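First comes the structure, then the notes that go with it.
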Amino acid sequence: MELRPLGSTGIQVSPLGLGTVKLGRDQQVKYPWQFKIPDDAEARALLELAWELGINTLDTAPAYGNSEERLGQLLPHKDDWVIVGKVGELFENGESAFDFSAAYTRMSVERSLRRLGRDYIDVVLVHSHGDDMAIIHNEAVCDTLAELKHEGKIKAIGLSTKTVEGGIWSVENMDLVMATYNPVYLDELPVLQRAAELGKGVVIKKGLMSGHADAKAGGGGVEEALRCVFAQPAVSSVVVGTINPVHLRENVAIVERLLG
């Protein structure tokens, strides 16, 4: 797969990114089938396969159980990956909680750096709880991320949003946005269009509807979903969360066919 620019950040990302929630968390997830968190050998093999297939982008978060720690321990070519991390959400005792304060944001980023074993994180996004604009106007997280970027601990910042208004604010005021877009949820198209106008990066989440796009799960098929996503010129990368090597190969083949 040819790498794509993440807007004007100077970061090059693979059009298919690998989400890592299933490496660290199996509670309160919305996939169509149950799964078992892979052991270290299985996780390492998956990451090695992703690298061999041309994937250089990984999505993680403190809320994904011990995903960050496992990446820090298991990643091949550790310094060569583009890591998309997050701040704001924590997942403890089976439930999510949120903290967007300056102190927590700084602590969270520095903890992620230690867990990942890196000097910087390529991208850090605000992990929204749903009320994007309240976070933007009432919390310190966005300003704190800007400070951490200035300090060199982050290369690019943005929001993982839940609303059109928040997504547009993110592309107008930050480096990029992580938005939801798939064949059955097109509401955030204005965000993608605004990003295209401004030359900002877009990472798509739930492009495969958390697995429900699969025809076996009643969806219209993975290829249909990816075609829908990549029809939008602003899209830099779409994150898929598979831990199945066969599915990963199939997804890469589809993307190469669509973009070839």
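Heads up: the sequence shown runs through residues 2 to 261, numbered per my numbering.
For every residue, glycine included, the Cβ atom is placed at its ideal position computed from N, Cα and C.
On a predicted model such as this, the values are computed, not experimentally measured, just so you know.
Leu160, enclosing beta strand (DSSP E) - first and last residue
Here residue 160 is taken as the residue at index 159 of the sequence shown, counted from 1. Counting along the chain, the beta strand (DSSP E) containing Leu160 begins and ends at Ile155 to Ser161.
May I ask you to list the residues that DSSP assigns as paired with Gln13?
The count along the sequence shown starts at 1 and reaches residue 13 at position 12. According to DSSP, which records beta bridges pairwise, Gln13 is partnered with Pro6.
My parser needs the alpha helix (DSSP H) runs of 4 or more residues fully inside the region 14–86; what are they?
41–53 and 68–75
Counting along the chain, where does the alpha helix (DSSP H) carrying Asp133 start and finish?
To locate residue 133, count along the sequence shown from 1; it is residue 132. From DSSP, the alpha helix (DSSP H) with Asp133 extends over Asp133 to Asn139.
Return yes when the Cβ of Lys156 is within less than 8 Å of the Cβ of Tyr121, no when it is not.
Taking the sequence shown and counting its residues from 1, one reaches residue 121 at position 120. Taking the sequence shown and counting its residues from 1, one reaches residue 156 at position 155. The answer is yes: Cβ separation under 8 Å.
Find the nearest neighbour of Gly131 within the set Val124, Glu166, Thr145 and Lys150, judged by alpha-carbon distance.
Looking up residue 131 in the sequence shown gives position 130. Comparing Cα positions, the closest option is Glu166.
Need the endpoints of the beta strand (DSSP E) that Gly202 sits in, please.
The residue you call residue 202 lines up with position 201 of the sequence shown. From DSSP, the beta strand (DSSP E) with Gly202 extends over Gly202 to Lys206.
Sequence-distant residues of its chain with Cβ nearer than 8 Å to Gly141 (five each side left out):
By one-based count along the sequence shown, residue 141 stands at place 140. Going by the sequence as given, residue 141 is Ala instead of Gly. Excluding residues within five positions, the ones whose Cβ falls inside 8 Å are Phe101, Ser102, Ala103 and Thr106.
For His78, which residues from the same chain have a beta carbon less than 8 Å from its beta carbon, with the 5 sequence-adjacent residues on both sides left out?
Counted from its first residue, the sequence shown places residue 78 at position 77. These residues qualify, in order along the chain: Trp52.
If you draw a straight line from the alpha carbon of Gly18 to that of Val239, how long is it in whole angstroms?
For the purposes of this step, residue 18 is taken as residue 17 along the sequence shown, with counting starting at 1. For the purposes of this step, residue 239 is taken as residue 238 along the sequence shown, with counting starting at 1. Their backbone Cα atoms lie some 6 Å apart in a straight line.
At what residues does the alpha helix (DSSP H) containing Ala180 begin and finish?
If you number the sequence shown from 1, residue 180 lands on position 179. Note, Ala180: premise wrong, no alpha helix (DSSP H); beta strand (DSSP E) at Leu177 to Thr181.
Considering only residues of the same chain and omitting the five flanking positions on each side of Ile137, which have a CB-CB separation below 7 Å?
Counting from one through the sequence shown, the residue named residue 137 turns up at place 136. Hits under 7 Å: Cys143, Gly167 and Trp170.
Among Ala235, Asp41 and Ala62, which one has its Cα closest to the Cα of Arg195?
As a working mapping, residue 195 is identified with position 194 in the sequence shown. Comparing Cα positions, the closest option is Ala235.
Beta-carbon contacts of Ser109 that lie in its chain and below 7 Å, excluding the five residues immediately before and after
Walking along the sequence shown from the start, residue 109 turns up at place 108. If we look at Ser109 and ignore the five residues flanking it on each side, its Cβ neighbours are Pro63 and Val88.
Beta-carbon proximity list for Leu260, same chain, < 8 Å, skipping 5 on both sides:
Start at 1 with the first residue of the sequence shown, and residue 260 comes out as number 259. So the qualifying residues of the chain are Met2, Glu3, Pro16 and Phe231.
Relative to the C-alpha of Glu70, which residue among Leu117, Ala46 and Gln35 is closest?
Along the sequence shown, read from residue 1 onward, the residue named residue 70 stands at position 69. Considering only alpha carbons, the answer is Leu117.
How close, in whole Å, do the beta carbons of Leu227 and Val256 come, if the pair is a contact with beta carbons under 8 Å?
Counted from its first residue, the sequence shown places residue 227 at position 226. Counted from its first residue, the sequence shown places residue 256 at position 255. Contact holds; Cβ gap of about 6 Å.
Selected residue, minimal CA-CA separation from Ile38, among Gly66, His248 and Gly221
Numbered from its first residue, the sequence shown carries residue 38 at position 37. Nearest C-alpha to Ile38: Gly66.
Pull up the distance between the alpha-carbon of Gly222 and that of Glu251, whole angstroms please.
Numbered from its first residue, the sequence shown carries residue 222 at position 221. Numbered from its first residue, the sequence shown carries residue 251 at position 250. Rounded to whole angstroms, Gly222 to Glu251 spans 12 Å at the Cα level.
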